[in-house]
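Let me begin by presenting the structure, written as structure tokens, before commenting on it.
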Amino acid sequence: MEKQHQRINEHIAQLNQFLEKGVAADFLKLFLDLHPYEQGQFYTNLDSAQQQQVSTWLTVEQLAHMFNDINFSQVDVAALVKVLSPKRLAAVVDAMYSDNSGQMLTYLDPETLAQYEPWLSATDSQMLEQLAQYPEESAGALMGGDFIAVPADITVTDAMQAIKEAALHIELFQYIYVIDHAGDLLGVLSFRALILNEPDTKVHEVMNQHVITVEPTVDQEVVAHVMADYNFVALPVVESGHLVGVITIDDIVHVIDEEATQDYSGLAGTDVDAPQQNPFYAALKRLPWLIGLIFLGLGTSTIIDGYDDLIAKASVLAVFVSLITGTGGNAGTQSLAVAIRRLSLGERPKLLRAFITELLIGTTVGAIAGTTIFLVVWLWKGDFILGMAVGLAMAMAILIANIAGAFIPRIMNHFGIDPAVASGPFITTMSDLTSVIIYFTIAGMFITHFMN
1 MEKQHQRINE
11 HIAQLNQFLE
21 KGVAADFLKL
31 FLDLHPYEQG
41 QFYTNLDSAQ
51 QQQVSTWLTV
61 EQLAHMFNDI
71 NFSQVDVAAL
81 VKVLSPKRLA
91 AVVDAMYSDN
101 SGQMLTYLDP
111 ETLAQYEPWL
121 SATDSQMLEQ
131 LAQYPEESAG
141 ALMGGDFIAV
151 PADITVTDAM
161 QAIKEAALHI
171 ELFQYIYVID
181 HAGDLLGVLS
191 FRALILNEPD
201 TKVHEVMNQH
211 VITVEPTVDQ
221 EVVAHVMADY
231 NFVALPVVES
241 GHLVGVITID
251 DIVHVIDEEA
261 TQDYSGLAGT
271 DVDAPQQNPF
281 YAALKRLPWL
291 IGLIFLGLGT
301 STIIDGYDDL
311 IAKASVLAVF
321 VSLITGTGGN
331 AGTQSLAVAI
341 RRLSLGERPK
351 LLRAFITELL
361 IGTTVGAIAG
371 TTIFLVVWLW
381 KGDFILGMAV
391 GLAMAMAILI
401 ANIAGAFIPR
411 IMNHFGIDPA
421 VASGPFITTM
431 SDLTSVIIYF
441 TIAGMFITHF
451 MN
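For the sequence shown, the UniProt record's numbering gives the first residue as 1, with consecutive numbering after it.
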């Protein structure tokens, strides 16, 4: 792998030299030796003037081949297509696989898209209209129209011929879909079935009628799980029985990456891709959560202020506030991560069973952590009662934070709020509030009844 990276870096250095000198022949020879993904990485890191220069050296087919391997969620698509004339972009779109070109165009704002739409072919315009019918991040928005479908009443020989004719324009054709004259999906064929059966055998006799499908409105995360569970490289999308498109494995890899990024961003309360953005724009995206958490955090400060008299009687209590809140927050975040992971995998354990499980986990962790801190405080401060107060408060804070971390994502999910987007900062702040209340309430009880 290290040698491969070294080779790519050497290629990039040479390509930059050829580009700077304007040596098209040498540039193309080296550029076309790269994998399309590597080509896309190099191309998207160029400035607009350099991209325009490279695009004039490449043919429409070469541009389309490269664009097929670009992850459009990670680049500025508007800037990417701006260097191409409307006519040339339309030709590139036509040469791309339909699922990739469709995703690229959906990243353009309506005004930009309107400039290019008149130049698109009738097929590509129809594809855009179809994609516009479905929500973002749905199966319908992911699917492409490039697939091989054959009538049920043709022979194996005819099916093989259809594959040969369509193979040049199809991205993946491990599966051949069998349809009736109305376009309804009847079954699926594998190459194995075609090879092992006699040439004059009818397709409907050897097809698999038990086809796993999804509807266009299904969320892309569900699609990813279906393809992972069944180990598919392609998945048909069916609407009212009609085969409308196919989702391929390369699109799902991007989906998994996007969903993971969203989950990490939600847990952190920011966009983990922000370093790639303008610093001021990245700062603006972080501010809403931070400002909101400041006001929630003021609630914690207000609660502490309300225990002024208690702290005045036993100032040592203030030493352990951050310890209690920090440990409770960590416990809640751990429980939260497990809960979000289960939701993303489609696991929905029964409410009572989930509560008992988290109660046992929280009690066990809280008891061990509480006992540990009780011994530490007792030995450190030489005060048995103070150790008991801090230990019991920590145990209770962990227990409540653990249960909250497990159930807040479920509650948010029930009300249609993405738990990965809002849970992380929320659980941390709420854990601080509850931990402070628990700590000072227990400490107050112990001081009132057991201490002078």
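Ideal placement from N, C-alpha and C gives every residue a C-beta, glycine not left out.
Just so you know, these numbers come straight off a predicted model, no measurement behind them.
For His242, the three-state secondary structure derived from DSSP is strand. In the DSSP assignment, the residues bridged to Val214 are Val237. Beta bridge pairing from DSSP links Ala91 with no other residue. Within the same chain, and ignoring the five residues on either side of Thr155 in sequence, the residues whose Cβ sits closer than 8 Å to its Cβ are Pro199, Asp200, Thr201, Lys202, Val203. When rounded, the separation of the alpha-carbon atoms in Asp383 and Lys313 is 15 Å. A direct Cα-to-Cα measurement between Thr364 and Ile291 gives close to 35 Å.
In the displayed model, Ser85 falls within coil according to three-state DSSP, outside both helix and strand.
Considering only Met394, Arg192, Val226, Val188, the residue with the shortest C-alpha distance to His210 is Val188. Counted as a single uninterrupted DSSP element, the alpha helix (DSSP H) harbouring Pro36 occupies residues 36 to 44. Annotated three-state conformation of Asp99 is helix, per DSSP. When only Cα atoms are considered, Ile403 and Thr248 end up about 39 Å apart. In this structure, the beta-carbon distance from Ile324 to Leu243 does not fall below 8 Å. In this model, Arg7 and Lys350 are separated by some 53 Å (Cα to Cα). In this structure, the alpha-carbon of Leu194 lies about 21 Å from that of Asp184. Judged by DSSP in its simplified three-state form, Ser121 adopts coil rather than helix or strand. Val188: not part of any alpha helix (DSSP H); member of the beta strand (DSSP E) spanning 185 to 190, first to last residue. Shortest Cα-Cα distance from Glu117 to any of Asn100, Val93, Ser98, Ser138 involves Val93. Taking one beta carbon from each stretch, the stretch 302 to 313 and the stretch 368 to 376 have fewer than 3 pairs nearer than 8 Å; the two do not touch.
Contact check for Leu30 and His5: beta-carbon distance about 17 Å, past the 8 Å limit, so the pair fails to qualify.
Glu358 and Thr333 have their C-alpha atoms spaced approximately 13 Å apart. When the alpha-carbon of Asp76 is set against those of Asn45, Thr327, Pro86, Val54, the nearest one is in Asn45. Counting only unbroken stretches of 4 or more residues, the alpha helix (DSSP H) elements lying wholly within the stretch 338 to 401 are 351 to 381, in sequence order.
Per DSSP, reduced to three states, the secondary structure at Tyr175 is strand.
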